[in-house]
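Comments concern the structure below.
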Amino acid sequence: MSSRTARGAPHRTASATQRGNDHDRIGGGGKGRVIAAHGRHYVVQPDNGSSLLQCFPRGKKSEVAVGDRVSFEVTSANQGVIVAADARRNLLFRSDQFKSKRFAANLDQLLIVLATEPHFSEDLLGRALVAAEAHQLEPVVLLNKADLLTALPLARERIASYAALGYRIVEVSATGAADAAHAALAPLLAHRATLLLGQSGMGKSTLVNLLVPHANAATRAISSALNSGRHTTTFTRWYALPNGGALIDSPGFQEFGLYHLTEGQLERAFPEFRPLLGGCRFYNCHHLHEPGCAILDAVAQGRVAPARHALYAQLLHEASQVVR
Ligand SMILES: Nc1nc2c(ncn2[C@@H]2O[C@H](COP(=O)(O)OP(=O)(O)OP(=O)(O)O)[C@@H](O)[C@H]2O)c(=O)[nH]1
Ligand SMILES: [Mg+2]
Ligand SMILES: [Zn+2]
C-alpha cells in the first residue's frame, strides 16, 4: 500500500482532512474514487465525505479511468491533483486499430440494457457478452420497456437464444412498473459495481434515477435525442448505491470494437464453444475453414447458432487487423 503513495509526494490521511471544512483541507490529501472523466479532467469523490474535487493527474501519466481508486492532494477549495492511482482489478474498454476507449475500472458486473423499442442491435449484444466473458465480468441482460406491448413479443423472441446459452435475462419496465423494476434489480446490484451498457435510448439513465436516490441523471425521449444527433448521457459516471455497491451510467454506444482480444480469449468468450475446444483435428484450429473442426461441425448440426459463429469469425478478423 505504501508504495502507491510514494514518489516523495506529501500525503496526509483522510482522517486528517476530515476535521476541517472544505477550505481547511487545502494542501492536504487523501484517498478517493474517480467518479467521472472528461478527457484529462477528472472528478474525484473523497472517501471522507467532503465535497467533490475537480482533478488533473500530476504529470503525464494520465491513464486514469472512472472507478479508479486514487490518492489526491487538494490545491484549492474544490480542486486537486491526482498523485497516484491504485492497481485496478480490471478495466473494461473497447478498441479498434487506431484507438481504445475506456468504459470503467474495478467492475464486477455488466448490465447490458436492451429495450423493446428502439430496436436493439444483436451484434452489439453479442459483443457486450464477449467483452464481459473476456474481462471476467458477470453479464446480465436486461430487457427494459416491457410496457410497450406491441414490440414485446419480438424482443423476447430475439433474446430467447441468449437465455438458452445460460445468460441471465431480466425483464422490467423502468417507467411503467417502477416498483417492480426496483425490486427485481436492487438485490442483483447490491454490493457490486455494475456498469450499465447499451445503445442510446434504451433507458440506462432512467434506471440510474430509479435505483440511485438524488442521482438526477439526464434522460430524454428518443425522438428528441435522435433529432439532436447526440446521446443524452455524454460521459461515464459512477454512482454509489444506497446499500453498498455502485451503478455506473455510460453514454450509448454504436460500435464495440474488441481488437485487443487474442484468438484464445475470443474462442473462450463463447460459452457454447467451450465444451468443444480441444475436439478439433488440429490443435491450433482457428474454427474458420479447417477440416475436422468441432465447432464447425456443431454449426452444421445446429448445435451452435450460425450467427454466433459469424460473430466469432468477424471478431477474429477484426483482431487480426491489428499489428501485434
Ligand atoms: N415506455 C417506456 N419508456 C422508457 C422506459 N425506460 C425509459 N424510457 C424512456 O426512454 C427514453 C430514453 O431513456 P434514457 O434513460 O435517457 O436512455 P439512455 O439509455 O440513458 O440513453 P443515452 O444516454 O442516450 O445512452 C426516455 O424518454 C425514457 O423516459 C420504460 O420502461 N418504458
Ligand atoms: Mg443516458
Ligand atoms: Zn476448430
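Mind the numbering: the sequence shown is residues -11 to 312 in my numbering, read in order.
Ideal Cβ placement from N, Cα and C applies to all residues, glycine included.
Short Cβ contact (8 Å threshold) for residue i with residue j
i      : j      : result
Phe244 : Leu112 : yes
Gly233 : Gly186 : no
Leu184 : Glu251 : no
Ala53  : Ala93  : yes
Asp237 : Val196 : yes
Leu102 : Phe108 : yes
Ala257 : Tyr227 : no
Tyr247 : Glu159 : no
Asp35  : Gly55  : no
Ala282 : Leu264 : yes
Residues of its chain near residue i, where Cβ-Cβ distance is below 7 Å and the 5 sequence neighbours each way are ignored
i      : result
Leu177 : Leu199, Leu229, Gly233 and Leu235
Pro294 : Val287
Ala4   : The pLDDT assigned to Ala4 is 41, lower than 50, so where the model puts this residue is not dependable, and the model offers no usable value.
Arg7   : Confidence at Arg7 is low in this model, with a pLDDT of 43, below 50, so its placement is unreliable and the value that follows should be read with caution. Nothing listed; no residue qualifies.
Arg146 : Glu110
Thr153 : Note that residue 153 corresponds to Leu in the displayed sequence, not to Thr. For Leu153, where only same-chain residues beyond five positions count, the Cβ hits under 7 Å are Pro259 and Glu260.
Gln33  : Gly20, Arg21, Ile23 and Leu40
Arg76  : Asp56, Ala93 and Asn94
Pro201 : Pro230
Asp84  : Gly245 and Tyr247
Arg262 : Arg256
Candidates the options, of which the one nearest residue i by Cα
i      : options                          : result
Gln302 : Ala286, His275, Gly55 and Gln97  : His275
Phe81  : Gly68, Gln42, Ala122 and Gly37   : Ala122
Glu126 : Asn78, Thr221, Ala143 and Glu105 : Asn78
Pro175 : Val128, Ser83 and Lys19          : Val128
Cys43  : Glu51, His29, Gly55 and Asn36    : His29
Pro106 : Asn132, Thr182 and Ala282        : Asn132
Leu41  : Gly68, Gly114 and Glu51          : Gly68
Gln124 : Cys273, Gln289 and Leu249        : Leu249
Ser188 : Gln85, Leu173, Thr182 and Ala209 : Ala209
Thr182 : Glu51, Arg144, Ala205 and Phe91  : Phe91
Nearest-angstrom beta carbon gap, residue j and residue i [assumed within contact, 8 Å]
i      : j      : result
Arg313 : Asp96  : No answer is possible for residue 313: it lies beyond the span of the chain, which begins at -11 and ends at 312.
Ile14  : Ser88  : Not really, about 36 Å apart at Cβ, beyond 8 Å.
Thr224 : Ala24  : 7 Å
Ser161 : Ala169 : 6 Å
Thr207 : Thr222 : Actually they are not in contact, since the Cβ atoms of Thr207 and Thr222 sit about 13 Å apart, beyond 8 Å.
Arg299 : Gly27  : The amino acid occupying residue 299 in the given sequence is Leu; Arg does not appear at that position. Not a contact, Cβ separation roughly 32 Å.
Beta-carbon proximity list for residue i, same chain, < 6 Å, skipping 5 on both sides
i      : result
Val71  : Ala(-3), Arg46, Ser59 and Glu61
Pro164 : Before going on, a small fix: residue 164 reads as Gly here, not Pro. Only Asp135 meet the Cβ criterion.
Gln242 : none
His297 : Val287
Ala116 : Ile100 and Leu185
Ala151 : Ile157
Contacts around residue i, its chain only, beta-carbon distance under 8 Å, and the 5 residues preceding and following it disregarded
i        : result
Glu278   : Cys268, Arg269, Phe270 and Leu284
Ser308   : none
Arg291   : Glu260
Leu140   : Thr104 and Ala134
Ala172   : Val158 and Val160
Val31    : Val22, Ile23, Ala24, Ala25, Leu40, Leu41, Gln42 and Cys43
Ser(-10) : Unreliable positioning characterises Ser(-10) in this predicted model, as indicated by a pLDDT of 38, which lies under 50. A coordinate reading is not provided.
Any chain C beta carbon closer than 8 Å to residue i
i      : result
Gly233 : Absent here is chain C; the protein component of the structure consists of one chain.
Practice problem: Would you mind listing the alpha helix (DSSP H) stretches within the stretch 194 to 255 that are 4+ residues and don't spill past its ends, in chain order? | Solution: Entirely contained in the stretch 194 to 255, the alpha helix (DSSP H) runs reaching 4 residues are, in chain order, 210 to 216.
Exercise. Pick out the complete alpha helix (DSSP H) segments inside the stretch 103 to 149, 4 residues or longer, and give them in chain order.
Key: Correct list: 110 to 122.
Exercise. At 4 residues or longer, and completely inside the stretch 13 to 86: list those alpha helix (DSSP H) runs for me, N to C.
Key: DSSP runs (the alpha helix (DSSP H)) wholly in the stretch 13 to 86: none.
Exercise. Jot down the residue ranges of each uninterrupted beta strand (DSSP E) in the stretch 167 to 193, minimum 3 residues, whole runs only, in chain order.
Key: Runs of the beta strand (DSSP E) spanning 3 or more residues and lying entirely within the stretch 167 to 193 occur at 181 to 185, in chain order.
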